[in-house]
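S.K.:
Protein chains: 2
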Amino acid sequence: MSENNPLRDVFDAIADPTRRRLIQLLSEADEVPLHELTAQFPMGRTAVSKHLAILREAGLVTDRKVGRETRYRLHASPLREIEDWAAYYRKFWQKNLLRLNQLLEEEEE
Amino acid sequence: MSENNPLRDVFDAIADPTRRRLIQLLSEADEVPLHELTAQFPMGRTAVSKHLAILREAGLVTDRKVGRETRYRLHASPLREIEDWAAYYRKFWQKNLLRLNQLLEEEEE
DNA sequence: ATTATAAGACACCGTTTGGTGTCTTGTCAA
DNA sequence: TTGACAAGACACCAAACGGTGTCTTATAAT
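These protein sequences, in sequence, are chains P and C.
Under full-length UniProt numbering, residues 1 to 109 are what the first sequence spells out, in order.
Under full-length UniProt numbering, residues 1 to 109 are what the second sequence spells out, in order.
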């Protein structure tokens, strides 16, 4: 039963820097066991495991047991919502840049 | 002194749905006073004001006093970091879509 | 068969978060 | 000039967050 309906807001899931780092690490290899991930952080296994649980609740990660280890895999598609959301506001900061450029040009005269 | 160095992580600032709604509301009009924003939410003025303070700390909003009201304005450029971050992972969910399509095609045979 | 490793489950804890209410100050309107 | 409105400042609170440590179970290695 691989959690399909997201119980956790994706925006919430990526808010924590540790979790963004986990996403990055998982993007560099296709499957990583918990203990190997834990080794990258200055915190204990339990904490990292909790962060991964949150990523899983947001649908950003799946896990499977292999022998005695639990291997995690990135499932990036929910990030599409983030990109779309931010892209929507692109026009606004582009507009700001435009106005900034205008001001700079005026000052140079 | 309009806060220039972001004391607050932008990812953190946009994690809350109320704050995302504020961003949306501010994108629809160029300047909105606090009481008018408050009217859109099921919570008190103090709470909305706190959310706006967090947005300001992330550089997403500026405010100015006009008479007895404080008017807020969207400053969207920090959202660029969000878009860039998410866009980086685009290839991963595209890859997933590709693999999903392959699986579906295989099943159809 | 024994020992070491991987990780789940759970209780615990201090800090942050997201809300409240109240009091005060400044400004606009009658 | 009196009253109403906008909002800052502050104290307060319950719940969530991000970490810890310990105990147990399953698997791998010697």
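Note that the Cβ used here is the ideal one computed from N, Cα and C, for glycine as well.
Values in this document were obtained by computation on a predicted structure and should not be read as measured data.
Compare the C-beta of Leu34/P with all C-beta atoms of chain C and state if any pair is closer than 8 Å.
M.R.: Walking along the first sequence from the start, residue 34/P turns up at place 34. Cβ-Cβ to chain C under 8 Å: no for Leu34/P.
S.K.: Taking 7 Å as the limit between beta carbons, can you name the residues of its chain near Thr18/C, skipping five residues before and five after?
M.R.: Position 18 of the second sequence holds residue 18/C. The residues are Phe41 and His51.
S.K.: What number of angstroms, rounded off, separates the C-alpha of Glu83/C from the C-alpha of His35/C?
M.R.: As a position in the second sequence, residue 83/C is number 83, starting the count at 1. As a position in the second sequence, residue 35/C is number 35, starting the count at 1. Spanning the two alpha carbons is a distance of roughly 31 Å.
S.K.: Within the stretch 32–96 of chain C, note down every full beta strand (DSSP E) run reaching 3 residues or more, in order along the chain.
M.R.: Those beta strand (DSSP E) runs which fall completely within the stretch 32–96 of chain C and span 3+ residues are 61–66 and 69–74.
S.K.: With a cut-off of 8 Å on the beta carbons, I'd call Trp93/C and Ala29/P a contact; round off their distance for me.
M.R.: Mapped onto the second sequence, residue 93/C falls at position 93. Mapped onto the first sequence, residue 29/P falls at position 29. Rounded, the Cβ-Cβ distance is 17 Å, inconsistent with contact.
S.K.: Out of Ala13/P, Ala15/P and Thr38/P, point me to the one whose CA is closest to Leu25/P's CA.
M.R.: As a position in the first sequence, residue 25/P is number 25, starting the count at 1. Closest option to Leu25/P, Cα to Cα, is Thr38/P.
S.K.: For Arg90/P, which residues in chain C fall below 9 Å Cβ to Cβ?
M.R.: Here residue 90/P corresponds to residue number 90 of the first sequence, with the count starting at 1. Those within 9 Å of Arg90/P in chain C are Ala76, Leu79, Arg80 and Glu83.
S.K.: Rounded to whole angstroms, what is the Cα-Cα separation between Leu7/C and Gly59/C?
M.R.: Along the second sequence, one-based indexing puts residue 7/C at 7. Along the second sequence, one-based indexing puts residue 59/C at 59. In a straight line, the C-alpha of Leu7/C is about 8 Å away from that of Gly59/C.
S.K.: Looking at the secondary structure, which residues open and close the alpha helix (DSSP H) in which Leu22/P lies?
M.R.: Within the first sequence, the letter at position 22 stands for residue 22/P. Per DSSP, Leu22/P belongs to the alpha helix (DSSP H) from Pro17 to Glu28.
S.K.: Closer than 9 Å by beta-carbon distance: list the chain C residues that pair up with Phe11/P, in chain order.
M.R.: For the purposes of this step, residue 11/P is taken as the residue at position 11 of the first sequence. Within 9 Å Cβ-Cβ: Phe11, Ile14, Ala15, Asp16, Pro17 and Arg20.
S.K.: Arg21/P and Ile14/P - do their beta-carbons sit closer together than 8 Å?
M.R.: In the first sequence, residue 14/P corresponds to position 14, counting from 1. In the first sequence, residue 21/P corresponds to position 21, counting from 1. Taking 8 Å as the Cβ cut-off, Ile14/P and Arg21/P do not qualify as a contacting pair.
S.K.: Rounded C-beta distance between Arg56/P and Thr62/P? I'm assuming under 8 Å.
M.R.: By one-based count along the first sequence, residue 56/P stands at place 56. By one-based count along the first sequence, residue 62/P stands at place 62. Confirmed, Cβ separation roughly 7 Å.
S.K.: CA-CA distance, Ile54/C and Tyr72/P?
M.R.: Along the second sequence, read from residue 1 onward, the residue named residue 54/C stands at position 54. Along the first sequence, read from residue 1 onward, the residue named residue 72/P stands at position 72. For Ile54/C and Tyr72/P, the distance between alpha carbons rounds to 33 Å.
S.K.: Roughly how many angstroms lie between the CA atoms of Ala87/P and Leu74/P, to the nearest whole one?
M.R.: As a first step, residue 87/P must be located in the first sequence, where it is residue number 87. As a first step, residue 74/P must be located in the first sequence, where it is residue number 74. When rounded, the distance between both Cα atoms is 23 Å.
S.K.: Thinking just about the alpha-carbon of each residue, which of Ile23/P, Lys65/P and Phe11/P is nearest to the one in residue 128/P?
M.R.: Residue 128/P falls outside the range modelled here, since chain P spans only 1 to 109, and no answer is possible.
S.K.: Count the other CB atoms, across all protein chains shown, that sit within 10 Å of the CB of Val10/C; report buried if there are 16 or more and exposed otherwise.
M.R.: Here residue 10/C refers to the residue found at position 10 of the second sequence. With 16 or more other Cβ atoms within 10 Å, it is buried.
S.K.: Using a Cβ-Cβ cutoff of less than 7 Å, which residues in the same chain neighbour Val32/P once the five nearest sequence positions on both sides are dropped?
M.R.: For the purposes of this step, residue 32/P is taken as the residue at position 32 of the first sequence. Once the five neighbours on either side are set aside, the close Cβ partners of Val32/P are Leu25, Leu26, Arg71 and Tyr72.
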